[in-house]
Amino acid sequence: MSVLPLVFTSGWASGVNAYAVVLLLGFFGATGLSDEVPETLQRPEVLITAGVLFLCEAVADKIPYVDSAWDSVHTLIRPAAGAWVGALLAGQSASLSDLAAGAIGGSTALASHAVKAGTRMAVNASPEPFSNVLISVAEDLGVGGLVTFAIFYPEAAAIIAAVLLVLGLITLYFLTSRIHRFLRRRAQRREERHLARRETGPPG
18 MSVLPLVFTS GWASGVNAYA VVLLLGFFGA TGLSDEVPET LQRPEVLITA
68 GVLFLCEAVA DKIPYVDSAW DSVHTLIRPA AGAWVGALLA GQSASLSDLA
118 AGAIGGSTAL ASHAVKAGTR MAVNASPEPF SNVLISVAED LGVGGLVTFA
168 IFYPEAAAII AAVLLVLGLI TLYFLTSRIH RFLRRRAQRR EERHLARRET
218 GPPG
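For what it's worth, my numbering labels the leading residue of the sequence shown as 18, then goes sequentially.
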């Protein structure tokens, strides 16, 4: 059976929460629930590192503006993780070339990361903090549920991931104005901080 559906789903999930993907796949491999997971993802140091970073993301992802800063840092990390996991999965099954799997996993992760980061910018355009928590919890549950589902029903999970990705991109299009508002506010805060530093600086 081709590993392509699992590569695609793990790529989508990596764009949302790469550490959760590594942690879940490693767990399923280490417990023997799946033979598709390479040994690299099952190594204790990989699981421990992924677990610690997952906890860091679980906190940062629920704080307004901190979540967007975290997303900015992970603009390269999440696609790279998606490509890495995809290549490892392909190497384990030998049903898809490593290069193709890496390209699929990385590009899918980049697209879903763009949806996640853009959605957070739109949410941060509002002053209340509760939306961040609700969206973060929904994302964590979605990633956990879909990756788990993909282990047992990879084709069905890939279809769900594709639908979620398309819906996310459509939603992102309609949130463009709110994203611009967030970027304007962030630029304004930076300018205010810059002016404050100049005013409190030592006299010339």
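Note that CB positions come from ideal geometry on N, CA and C, so glycine has one too. Owing to the predicted nature of the structure, the values given are computational and were not obtained by experimental measurement.
Contact under 7 Å by Cβ, residue i with residue j
i       : j       : result
Ala-128 : Pro-22  : no
Leu-70  : Val-54  : no
Val-132 : Gly-185 : yes
Arg-195 : Ala-142 : yes
Pro-20  : Leu-105 : One point to set straight first is that residue 20 is Val, not Pro, in the sequence displayed. Cβ distance not < 7 Å, so Val-20 and Leu-105 don't count as in contact.
Gly-223 : Gly-28  : Nothing in the structure corresponds to residue 223, since the chain is present only between 18 and 221.
Leu-40  : Gly-68  : yes
Ala-30  : Val-164 : yes
Check: residue i C-beta below 6 Å from any heavy atom of the ligand COA
i       : result
Val-140 : Ligands in the displayed structure: none, and consequently the ligand COA is not present.
Minimum C-alpha distance to residue i - residue among the options
i       : options                           : result
Asp-115 : Trp-101, Thr-125 and Ala-126      : Trp-101
Leu-58  : Ala-75, Glu-74 and Val-38         : Val-38
Phe-169 : Ala-120, Ser-51 and Ala-30        : Ser-51
Leu-158 : Pro-61, Ile-65, Arg-60 and Ala-75 : Ala-75
Arg-201 : Glu-172, Ala-139 and Leu-163      : Ala-139
For residue i, three-class secondary structure by DSSP
i       : result
Lys-79  : coil
Val-54  : coil
Gly-221 : At Gly-221 the pLDDT is 48, less than 50, meaning the model places this residue with poor confidence; the figure from the coordinates comes in the next sentence. Gly-221: coil per DSSP, three-state reduction.
His-130 : helix
His-91  : coil
Leu-113 : coil
Arg-201 : helix
Leu-64  : helix
Leu-192 : coil
First and last residue of the uninterrupted alpha helix (DSSP H) at residue i
i       : result
Ala-142 : Run containing Ala-142: none; DSSP gives neither H nor E here.
Arg-95  : 94 to 110
Glu-156 : 147 to 169
Val-38  : 21 to 47
Whole-Å CB distance - residue i paired with residue j, under 8 Å assumed
i       : j      : result
Arg-95  : Gly-32 : 5 Å
Thr-125 : Phe-44 : Going by Cβ atoms, the distance from Thr-125 to Phe-44 rounds to 22 Å, so no, they are not a contact pair.
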